[in-house]
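Undergrad: Residue numbers (this note's numbering), protein chains in the order written: chain A, 1 to 455; chain B, 1 to 482; chain C, 1 to 251. All C-beta atoms, glycine included, are put in the ideal place defined by N, C-alpha and C.
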């Protein structure tokens with residue numbers, strides 16, 4: 001029997017999917033979120049799926065991740081298992097407030113918003129849209145922009161739920177919040193979650209996000225996170241990407257910072273077949289400070305792409321980007337970081353570094369550190385290096401009797417440590433440290449739970 | 001002090017363009033517009049062999065299906081390609097054999113530009129091919145060079161006299177399908193310089209082409225081809241100016257350089273096309289494709305450029321490092337002020353083993369201008385032990401301008417070492433204060449600092465050009481300390 | 001017993017011949033000093049013995065009767081060769097403890113010994129630290145990172161004490177040291193002195209030799225040993241400089 005192979009039209013597929021499922025999508029979400037869908041799908045229809053012709057996706061062949069076999073589900077999620085039976089975080093001493101997202105949906109949908117110390121609220125975004133509409137309405141989908149990526153519009157059109165965190169004025173969250181994104185399904189699946197984190201004046205919190213896959217199916221995640229850091233707030237986000245290599249993740253983070261706020265984000269990509277991390281930061285208030293860091297260790301045929309834009313929209317702000325990568329086997333990756341200093345952003349202090357090590361001739365890295373400067377009284381600089389391990393350091397170690405292989409590992413580990421060292425949740429840092437060490441040695445390095453379920 | 005600085009900025013940005021005059025000379029032109037007939041006419045006027053016409057037509061047909069590149073950080077107004085004149089030449093009865101036959105008006109024009117066509121008057125050691133609009137006017141020292149086997153002549157002459165060489169190398173570095181402007185140039189180019197250095201010959205003098213746009217509404221599409229045979233050496237310079245006009249004019253040149261085994265080609269440019277007036281009216285659109293190939297082992301291509309002119313610049317002189325152990329360097333100063341826009345940089349494509357490249361780019365932005373560095377460093381899979389170092393600095397004079405850096409670093413080989421550094425800053429208050437404290441006025445201090453900033457690049461220019469280039473930086477640097 | 005035999009060694013760096021037929025024999029229990037003006041090839045000698053990837057164009061080096069030049073740097077280290085670097089390398093991110101523990105345990109493994117337990121290792125570190133009077137906090141930092149010049153040199157001696165080599169080659173370990181540090185460095189070398197071990201002390205000045213008394217002094221000039229003697233030769237050099245040696249060698 002001969003079949004005519006039809007070209008899979010991704011855009012058309014999503015437009016149809018949206019029209020067909022509109023009412024199911026709406027009923028699984030909240031009116032506040034539903035209100036934004038129509039505009040978003042129009043935006044997506046206009047922009048389409050990003051192509052490699054666009055400078056923004058120059059190195060990422062994204063069409064391959066939109067596999068026609070991916071199912072999408074919008075109705076009530078049937079969870080036939082007790083999630084705690086199959087997932088337990090194996091980081092010792094990591095005492096956190098745990099939130100689970102399963103397949104992009106808040107795990108216990110019926111759960112009311114949780115109130116933690118100091119009036120801190122966490123819970124499902126859909127729930128918050130109903131219970132705290134004035135807050136959600138003010139912030140939802142206002143930082144997210146489709147200017148750099150049309151897939152953000154796709155998320156806004158389809159996203160039904162995600163995590164909501166609200167830190168009222170002066171609230172200090174002692175225990176880190178841990179969000180675990182789990183993908184588990186009996187068929188290949190695409191999920192689109194939407195998170196909203198709001199840190200009011202003087203508040204402070206640390207959030208840890210872990211991405212896991214618990215079944216061997218192919219997954220695609222297209223997630224958007226919006227973060228607002230008000231004046232003097234302090235927000236710290238660590239993200240550990242540890243999905244299996246059959247999965248693809250498109251992650252878009254939008255961060256708005258007001259005066260004197262300080263935000264750290266640290267993204268460690270260990271596993272995952274196709275990873276695209278978009279990070280958009282706007283420094284709106286004077287004296288705000290941003291640190292955006294990333295570490296990617298890739299092997300086999302992994303593709304890891306970090307796209308960062310730090311927009312200095314007001315004077316006297318400082319920002320620092322540090323991205324480091326080790327590429328092995330046929331892995332490839334891309335770093336694209338931009339510092340924008342707008343016309344009035346005098347006294348901007350911005351720095352950007354991307355360092356890469358290639359371990360094989362089949363590995364590949366593309367680096368584009370960019371500066372767009374419209375103010376004259378600024379200090380902006382960037383550096384990018386691609387190369388091997390320092391030969392002098394190698395010789396020094398070998399002359400002390402350390403074998404070449406071991407010396408190489410120590411140096412790679414040291415290379416990665418500059419990023420790992422800046423994870424501010426200590427038990428997590430130690431765990432990542434260990435994972436990185438094992439990852440570099442080529443040993444099993446997924447969290448134990450995941451490893452049991454997928455290979 | 002702020003006031004002083006404004007004054008110096010005013011001076012920097014306010015200087016009049018010195019080469020804005022127009023020579024009233026009878027022109028031989030083909031009417032406006034572009035079609036296959038126009039191309040046939042150009043080819044006919046130049047008495048070209050059949051292969052050239054075919055090449056032009058192929059390029060033209062390809063160009064029809066292309067679009068202007070939109071990725072540059074430039075705001076390019078629409079260009080009506082049917083409203084341009086593609087061929088315009090100063091009317092001369094025959095191709096002049098000696099200087100006596102050259103129209104005195106033309107000699108006078110080049111004298112005014114500081115490019116005397118009389119050999120005895122000329123700076124010793126520089127041979128010049130003077131190109132006005134679509135044709136070469138005169139090539140000096142041609143005979144002296146011919147004694148060494150060096151061919152240095154206008155492109156038209158090369159097509160007639162050395163068709164085999166032209167056929168072999170034309171389009172071998174920049175194929176006609178390379179980009180929109182290269183395709184356009186390949187279809188309509190009128191003249192330019194051709195330079196061939198035989199095996200093991202060290203060219204004893206600087207070769208230079210001087211390009212002058214004179215006629216109105218005319219696009220300039222020149223073509224330069226430099227071929228350096230095994231073991232040869234040549235240092236080549238080009239300069240450009242145009243009259244001051246309110247409308248924009250298009251300049252889309254193609255330069256191709258071929259360096260065979262052990263050859264070394266130095267290529268220097270001082271680009272001073274009319275940049276438009278203070279309000280951004282008029283000026284040249286400078287959309288140029290320049291590329292060299294280090295085809296042979298141990299070959300070297302060195303680029304040095306000082307870019308001060310044009311209202312919009314789009315150019316990325318680059319090198320394909322194909323031969324093993326080949327080297328290339330790119331040194332550039334790009335100054336933009338008033339409403340000028342520049343998106344310029346280089347491409348270093350490492351293909352051979354043990355290849356190395358150096359990029360030093362200095363941008364200076366003033367007025368309302370935007371100055372972007374865009375550079376590609378690519379290390380192909382087979383390019384073992386490739387090395388690149390790039391340093392791209394931007395200096396901002398004033399708070400209305402922009403300075404941007406867009407490097408593309410693509411590494412596909414584990415033994416490559418690629419390093420890129422860039423900084424953006426203004427002239428340090430502390431530097432100026434330090435100079436002031438030593439009795440140096442702010443005006444002079446700014447001059448000194450800008451000069452120092454650009455020095456690394458100016459040092460790479462041939463002596464004859466360096467002085468001119470310093471002046472072009474439009475800041476009084478010489479004799480000002482004191 | 002003969003430990004090291006260097007015969008007609010020729011080494012080229014970037015097309016320039018640096019060692020031009022170098023000869024030296026070192027027996028166990030001996031201390032050799034190699035002196036010479038700048039650029040005479042002293043550091044190249046140290047580097048080639050430790051296994052730097054240099055172009056050897058001629059000659060051979062036997063260590064305990066075996067061809068040394070064939071061995072990897074780590075193999076040489078395991079067989080007891082230690083190079084005190086003139087410019088110790090900074091390795092950010094690699095802690096001193098991790099670095100030395102790896103080195104010590106590799107060494108033990110090559111001798112068929114069990115790795116040291118964490119507590120035994122720390123005990124050993126404490127012991128040896130006292131020997132070189134090294135600041136305790138230094139060993140908590142990354143290898144040589146942010147160390148002062150003197151601290152780096154002391155750290156070299158500390159590592160030597162930890163690894164207890166058979167043949168220590170000290171490349172200008174005295175340069176840039178104040179008198180106290182010099183005494184400590186010398187002390188470290190002298191403590192290691194025994195009938196089974198030997199040292200090659202490369203220095204520009206006689207000063208260090210007041211503390212480490214050499215059995216032999218050799219003058220290296222233009223890639224060759226041009227004069228050998230006992231410790232008095234060092235004093236003569238101190239007094240008269242290198243000019244007369246150059247003249248003698250040129251003649």
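Determine whether the beta carbon atoms of residue 277 of chain B and residue 231 of chain B lie at a separation below 8 Å.
TA: Counting from one through the second chain, the residue named residue 277 of chain B turns up at place 277. Counting from one through the second chain, the residue named residue 231 of chain B turns up at place 231. No, these two residues do not count as a Cβ contact at 8 Å.
Undergrad: Kindly indicate which three-state DSSP category residue 8 of chain C falls into: helix, strand or coil?
TA: Here residue 8 of chain C corresponds to residue number 8 of the third chain, with the count starting at 1. Correct three-state label for residue 8 of chain C: strand.
Undergrad: Does DSSP put residue 57 of chain A in a helix, a strand or coil?
TA: The sequence position of residue 57 of chain A within the first chain is 57, counting from 1. DSSP places residue 57 of chain A in helix when its eight states are reduced to three.
Undergrad: Using the rule of at least 16 other Cβ atoms within 10 Å of the residue's Cβ for burial, across every protein chain shown, is residue 404 of chain B buried or exposed?
TA: In the second chain, counting from the first residue as 1, residue 404 of chain B sits at position 404. By the neighbour-count rule (16 or more Cβ atoms within 10 Å), residue 404 of chain B is buried.
Undergrad: Find the residues of chain A that neighbour residue 141 of chain C, judging by a C-beta separation of less than 8 Å, and give them in chain order.
TA: Working through the third chain from its first residue, we reach residue 141 of chain C at position 141. In chain order: nothing, as chain A lies at least about 12 Å away.
Undergrad: If the cut is a Cβ gap below 7 Å, which residues of chain B does residue 375 of chain A touch?
TA: Indexing the first chain from 1 puts residue 375 of chain A at position 375. Simply 399.
Undergrad: Near residue 202 of chain A, what residues of its chain come up, given a Cβ to Cβ distance below 7 Å and the 5 sequence neighbours on each side ignored?
TA: As a first step, residue 202 of chain A must be located in the first chain, where it is residue number 202. The answer, listed in chain order, is 169, 170, 232 and 233.
Undergrad: Output yes or no for whether 8 Å exceeds the beta carbon distance between residue 352 of chain A and residue 373 of chain A.
TA: Looking up residue 352 of chain A in the first chain gives position 352. Looking up residue 373 of chain A in the first chain gives position 373. No; because the gap between Cβ atoms is not below 8 Å, this pair is not in contact.
Undergrad: Along the chain, where does the beta strand (DSSP E) that runs through residue 407 of chain B open and close?
TA: Taking the first residue of the second chain as 1, we reach residue 407 of chain B at position 407. Residue 407 of chain B -> beta strand (DSSP E) spans 402–411.
Undergrad: For residue 433 of chain B, tell me which candidate among B:154, B:445 and B:267 has the shortest Cα-Cα distance.
TA: Working through the second chain from its first residue, we reach residue 433 of chain B at position 433. Residue B:445 is the option with its Cα nearest to residue 433 of chain B.
Undergrad: In angstroms, rounded to a whole number, what distance separates the CA positions of residue 452 of chain B and residue 236 of chain B?
TA: Against the second chain, residue 452 of chain B aligns to sequence position 452. Against the second chain, residue 236 of chain B aligns to sequence position 236. Taking the straight line from one Cα to the other gives about 25 Å.
Undergrad: Taking C-beta pairs closer than 8 Å, name the residues in chain A that residue 159 of chain C reaches, listed in chain order.
TA: As a first step, residue 159 of chain C is located in the third chain; it is residue number 159 there, counting from the start. Per Cβ cutoff of 8 Å: 400.
Undergrad: For a test of the three-state rule: what should DSSP assign to residue 123 of chain C, helix, strand or coil?
TA: The residue you call residue 123 of chain C lines up with position 123 of the third chain. The answer is helix: DSSP assigns residue 123 of chain C an H, G or I state.
Undergrad: Could one say the Cβ of residue 102 of chain C lies closer than 8 Å to chain A's Cβ atoms, at least one of them?
TA: As a first step, residue 102 of chain C is located in the third chain; it is residue number 102 there, counting from the start. Residue 102 of chain C counts as touching chain A.
Undergrad: Inspect the CB distances between the stretch 161–172 of chain C and the stretch 188–203 of chain C and report whether three or more fall short of 8 Å.
TA: Judged by Cβ distances under 8 Å, the stretch 161–172 of chain C makes contact with the stretch 188–203 of chain C, as three or more pairs qualify.
Undergrad: From residue 11 of chain B to residue 367 of chain B, what does the alpha carbon distance come to, in whole angstroms?
TA: Translated into the one-based positions of the second chain, residue 11 of chain B becomes position 11. Translated into the one-based positions of the second chain, residue 367 of chain B becomes position 367. The predicted model places residue 11 of chain B with a pLDDT of 48, which falls under 50 and marks its position as unreliable; any figure quoted below should be read in that light. The alpha-carbon atoms of residue 11 of chain B and residue 367 of chain B are separated by roughly 11 Å.
Undergrad: Using C-beta distances below 6 Å, list every residue in its chain close to residue 290 of chain B, excluding the 5 sequence neighbours before and after it, in chain order.
TA: Numbered from its first residue, the second chain carries residue 290 of chain B at position 290. These residues qualify, in order along the chain: 255 and 317.
Undergrad: Span of the alpha helix (DSSP H) holding residue 31 of chain A?
TA: For the purposes of this step, residue 31 of chain A is taken as the residue at position 31 of the first chain. First-last of the alpha helix (DSSP H) with residue 31 of chain A: 31–34.
Undergrad: Going by DSSP, what residues sit across from residue 296 of chain A in a beta bridge?
TA: Here residue 296 of chain A is taken as the residue at index 296 of the first chain, counted from 1. Answer by DSSP bridge pairing, in chain order: A:269 and A:325.
Undergrad: Please name the residues in the stretch 51–70 of chain C whose beta-carbon is closer than 9 Å to at least one beta-carbon of chain A, in chain order.
TA: Cβ contacts with chain A: 51, 52 and 53.
Undergrad: Among all the DSSP beta bridges, which residues are the ones paired with residue 186 of chain B?
TA: Counting from one through the second chain, the residue named residue 186 of chain B turns up at place 186. Looking at the DSSP assignment, residue 186 of chain B forms no beta bridge with any residue, so it has no partner.
Undergrad: Hey, quick one: how far does the beta strand (DSSP E) through residue 364 of chain A stretch, first residue to last?
TA: Taking the first chain and counting its residues from 1, the one referred to as residue 364 of chain A is at position 364. Element bounds for residue 364 of chain A: 364–373.
Undergrad: Rounded to whole angstroms, what's the CA-CA distance from residue 377 of chain A to residue 282 of chain A? Just pull it up for me.
TA: Here the question's residue 377 of chain A lines up with position 377 in the first chain. Here the question's residue 282 of chain A lines up with position 282 in the first chain. Approximately 19 Å, taken between the alpha carbons.
Undergrad: Could you check how far apart the C-beta atoms of residue 235 of chain A and residue 205 of chain A are, in whole angstroms? I think they sit under 8 Å.
TA: Against the first chain, residue 235 of chain A aligns to sequence position 235. Against the first chain, residue 205 of chain A aligns to sequence position 205. Confirmed, Cβ separation roughly 6 Å.
Undergrad: Are there 16 or more other CB atoms within 10 angstroms of the CB of residue 124 of chain B, so buried, or fewer, so exposed?
TA: In the second chain, the residue the question calls residue 124 of chain B occupies position 124. Low local confidence applies: a pLDDT of 49 at residue 124 of chain B is under 50, so the model's placement there is unreliable, with the coordinate-based value given in what follows. By the neighbour-count rule (16 or more Cβ atoms within 10 Å), residue 124 of chain B is not buried but exposed.
Undergrad: Do you know how far the Cα of residue 167 of chain A is from the Cα of residue 389 of chain A?
TA: Here residue 389 of chain A refers to the residue found at position 389 when the first chain is read from its first residue. Here residue 167 of chain A refers to the residue found at position 167 when the first chain is read from its first residue. Spanning the two alpha carbons is a distance of roughly 43 Å.
Undergrad: Span of the beta strand (DSSP E) holding residue 305 of chain A?
TA: Numbered from 1 along the first chain, position 305 holds the residue referred to as residue 305 of chain A. Its beta strand (DSSP E) spans residues 303–312.
Undergrad: Say whether chain A places a C-beta atom closer than 8 Å to the C-beta of residue 112 of chain C.
TA: For the purposes of this step, residue 112 of chain C is taken as the residue at position 112 of the third chain. No - not a single Cβ of chain A is within 8 Å of the one on residue 112 of chain C.
Undergrad: How far does the alpha helix (DSSP H) with residue 338 of chain A in it extend, from its first residue to its last?
TA: Numbered from 1 along the first chain, position 338 holds the residue referred to as residue 338 of chain A. First-last for residue 338 of chain A: 332–341, but that is the beta strand (DSSP E), not the alpha helix (DSSP H).
Undergrad: Whose C-beta lies closer than 8 Å to the C-beta of residue 462 of chain B among residues of the same chain, with five residues either side of it excluded?
TA: In the second chain, the residue the question calls residue 462 of chain B occupies position 462. Contacts found: 206, 235, 237, 266 and 268.
Undergrad: Quick check on the DSSP output: what are the complete beta strand (DSSP E) runs of length 3 or more inside the stretch 156–236 of chain B, in order along the chain?
TA: Whole beta strand (DSSP E) segments, 3+ residues: 193–197, 206–212 and 223–228.
Undergrad: Run through DSSP, which three-state label would residue 14 of chain A get?
TA: In the first chain, residue 14 of chain A corresponds to position 14, counting from 1. DSSP places residue 14 of chain A in helix when its eight states are reduced to three.
Undergrad: Assign residue 107 of chain C to one of three DSSP states: helix, strand, or coil.
TA: Here residue 107 of chain C refers to the residue found at position 107 when the third chain is read from its first residue. The answer is helix: DSSP assigns residue 107 of chain C an H, G or I state.
Undergrad: Check whether the Cβ of residue 323 of chain A lies closer than 8 Å to any Cβ atom in chain C.
TA: On the first chain, position 323 is the one that residue 323 of chain A refers to. By this cut-off, residue 323 of chain A is not an interface position.
Undergrad: Can you tell me whether DSSP reads residue 460 of chain A as helix, strand or coil?
TA: Residue coverage of chain A in this structure runs from 1 to 455, which leaves residue 460 of chain A outside it and unanswerable.
Undergrad: Closest by CA to residue 363 of chain A, which one among A:50, A:299 and A:137?
TA: Your numbering for residue 363 of chain A matches position 363 in the first chain. Ranking A:50, A:299 and A:137 by Cα distance to residue 363 of chain A puts A:299 first.
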